[in-house]
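Chains as they are written, first to last, in my numbering: chain A, 950 to 1146; chain B, 950 to 1146. Positions of the beta carbon are idealized from the N, C-alpha and C atoms, including for glycine.
Number of protein chains: 2
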Amino acid sequence: MNLPNFKKYLIEKGGLSEEEYYQVNSLIQTKKVQQNEFLLKEGSICSHFFFVEHGVLRFYALNDQGKENILQFATENWILSDRGSIFYKEPSNYNIDAIEDTLTVMLDEHFINAVAKVNPNFRKQNEILLQNHIRHLYRRISLLLGASAKVRYLDFVKTYPDIMLRVPQWMIASYLGVTPESLSRVRKALTNEDFKS
Amino acid sequence: MNLPNFKKYLIEKGGLSEEEYYQVNSLIQTKKVQQNEFLLKEGSICSHFFFVEHGVLRFYALNDQGKENILQFATENWILSDRGSIFYKEPSNYNIDAIEDTLTVMLDEHFINAVAKVNPNFRKQNEILLQNHIRHLYRRISLLLGASAKVRYLDFVKTYPDIMLRVPQWMIASYLGVTPESLSRVRKALTNEDFKS
DNA sequence: TTCACTTCTTATCATAGGTCAATGCACATC
DNA sequence: GATGTGCATTGACCTATGATAAGAAGTGAA
């Protein structure tokens, strides 16, 4: 299977050489999902990290009233999973499904150990990626604590211009923590501002 | 210096034996801060992780209007830092100061490497802690996206009963993303509910 | 074509939570 | 005892955003 993005990830971010990549190549497991298909459903135990080779995934929770709260989108080169569920073998509270037809690489403890054996630097590189992820989550929390819907939307557009174009607006509203109607209003107000200036 | 909590952390969470602990003991650096003193100021580069031996710290950002958004409290056994600033050597956007007089252990790359050398398991244990931290952040985002001030407050009380008793109410309001006035109202409504039932 | 379905928008009304100002309390300092 | 400072509460008012309902535009299937 041809996985240019995943190969690039292991080589550039994971620090593997081309030869080292081919050493672990045979262990790679992939999974295809079509639009609206699930990779993880609430209540089941999450067994893998999913690396997105191509496509778009979403990671979301359902609150008491059944409303979806989108916690994360994942496009090419992102890794998504319910880490708590993996590490503590607990049923997940989250769902992962596909917004576009998507090809993922399934990573588990076994594969990660195999890669780390081939190149011990891999684990450390991965830790840096984790730290960076935490940093992004803090930034998001900071915006949710203190910024208006308008500011959060502008930040989203600036940070993820690519995602903007690939997911419906009501999902972006969910990611931002507002209703689709409010987001529509925010956008209207912004276009009016643009005309004035 | 007597550091029972840090010792326990390295042995229980880090997987070190007692002897291994004494091997790295001499490398430990500590820092004391009094109430309202800073460990990290916006604009400076964060050089360490801070393990709280005893006391309470807060980690916060200032938004455009100068309002504080508290991202994290840290009591005994927590580790706090601006990970982005450490790893990318960039000036931080965050502040860390002490809510009580606090004794911290300063961890840097050098110390972590030393511990990992003594016990290779340490890095892996730490990664699990990181994954767990990410999980908590997702939970917090989920609440910020979908839950009312009341629900967020009740969740906080349940999750951090100890912190409740040690930090002023206006800081909890900031952590929850509401004004002190609103939190006061939420609390009043809750006591009324209690009387009725 | 027509129908069903989804997404986005618009309008109206309702409300949680923000803003501002005043008060009361606990504590410290003089 | 008098005074000042920080925090929590309360009240009156305001605003951003939610809720509900309806319509417009696009898309795909029958």
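Using the three-state DSSP reduction, which class does residue i fall into: helix, strand or coil?
i: Lys980/B; result: strand
i: Glu986/B; result: coil
i: Glu1002/A; result: strand
i: Asn1075/A; result: helix
i: Leu1029/A; result: strand
i: Ala1096/A; result: coil
i: Asn1018/B; result: strand
i: Arg1088/A; result: helix
i: Pro1069/B; result: coil
i: Arg1115/A; result: coil
i: Leu952/B; result: coil
i: Tyr1009/A; result: strand
Please compile the residues from chain B whose C-beta is within a distance smaller than 9 angstroms of the C-beta of residue i.
i: Phe1036/A; result: Ile1077, Gln1080, Asn1081, Arg1084
What residue range does the beta strand (DSSP E) around residue i cover?
i: Met1055/A; result: 1051-1056
i: Glu961/B; result: Careful: Glu961/B lies outside any beta strand (DSSP E) and carries neither H nor E.
i: Ala1047/B; result: 1043-1047
Is any beta-carbon of chain B found at less than 8 angstroms from that of residue i?
i: Gly992/A; result: no
i: Gly1126/A; result: yes
i: Leu1107/A; result: Correcting the residue identity first, residue 1107/A is Lys in this sequence and not Leu. Cβ-Cβ to chain B under 8 angstroms: no for Lys1107/A.
Taking C-beta pairs closer than 8 angstroms, name the residues in chain A that residue i reaches, listed in chain order.
i: Asn1012/B; result: Ser1091, Gly1095, Ala1096
i: Arg1072/B; result: Arg1072, Lys1073, Glu1076
i: Lys1016/B; result: Gly1095
For residue i and chain A, any beta-carbon pair shorter than 8 angstroms?
i: Leu1056/B; result: no
i: Tyr1087/B; result: yes
i: Gly964/B; result: no
i: Lys1099/B; result: no
Considering Cα atoms alone, identify which of the options is closest to residue i.
i: Gly992/A; options: Pro1110/A, Met1120/A, Asn1044/A; result: Asn1044/A
i: Tyr971/B; options: Tyr1037/B, Leu1094/B, Lys957/B; result: Lys957/B
i: Lys1038/B; options: Ile1077/A, Asn1070/A, Pro1117/A, Thr1024/A; result: Ile1077/A
i: Phe1036/A; options: Ile1061/A, Gly1004/A, Cys995/A, Val1067/A; result: Cys995/A
i: Ser1041/B; options: Pro1129/B, Ile1048/B, Met1055/B, Ala1010/B; result: Ala1010/B
i: Ser1034/B; options: Leu952/A, Leu989/A, Lys981/A, His1085/A; result: His1085/A
i: Gly1095/B; options: Asp1013/A, Asn985/A, Asp1104/A, Met950/A; result: Asp1013/A
i: Arg1101/B; options: Leu965/B, Trp1119/B, Leu1132/B, Ile1112/B; result: Leu1132/B
i: Met1120/A; options: Asp1057/A, Ala1047/A, Met1055/A; result: Ala1047/A
i: Lys981/A; options: Asp1104/A, Phe1000/A, Glu969/A, Asn1068/A; result: Phe1000/A
i: Ser1123/A; options: Asn1141/A, Leu1139/A, Ile1061/A, Phe1022/A; result: Phe1022/A
i: Leu952/B; options: Glu986/B, Met1055/B, Gln984/B; result: Met1055/B
i: Glu1130/B; options: Asn1026/B, Gln1118/B, Leu1139/B, Ser1097/B; result: Gln1118/B
i: Asp1111/B; options: Tyr1087/B, Leu1029/B, Glu1025/B; result: Glu1025/B
i: Thr1140/B; options: Leu965/B, Ile960/B, Gln983/B, Leu1103/B; result: Leu1103/B
i: Ala1063/A; options: Glu967/A, Ser975/A, Leu1029/A, Glu1142/A; result: Ser975/A
i: Ala1065/A; options: Gly963/A, His1003/A, Phe955/A; result: Gly963/A
i: Glu1017/B; options: Leu1093/A, His1059/A, Thr1108/A; result: Leu1093/A
i: Asp1050/B; options: Asn985/B, Met950/B, Arg1134/B; result: Asn985/B
i: Gly1004/B; options: Leu989/B, Gln983/B, Leu1020/B; result: Gln983/B
Given that residue i touches chain A, what residues does it touch there, using C-beta distances under 9 angstroms?
i: Leu1020/B; result: Tyr1087, Ile1090, Ser1091, Leu1094
i: Lys957/B; result: Those within 9 angstroms of Lys957/B in chain A number zero; the least Cβ separation is about 21 angstroms.
Starting from the beta carbon of residue i, find every residue of chain B whose beta carbon is closer than 8 angstroms, and list them in chain order.
i: Arg1032/A; result: Gln1080, Asn1081, Ile1083, Arg1084
Would you give the residue range spanned by the alpha helix (DSSP H) that residue i belongs to?
i: Leu1125/B; result: 1118-1125
i: Glu969/B; result: 967-973
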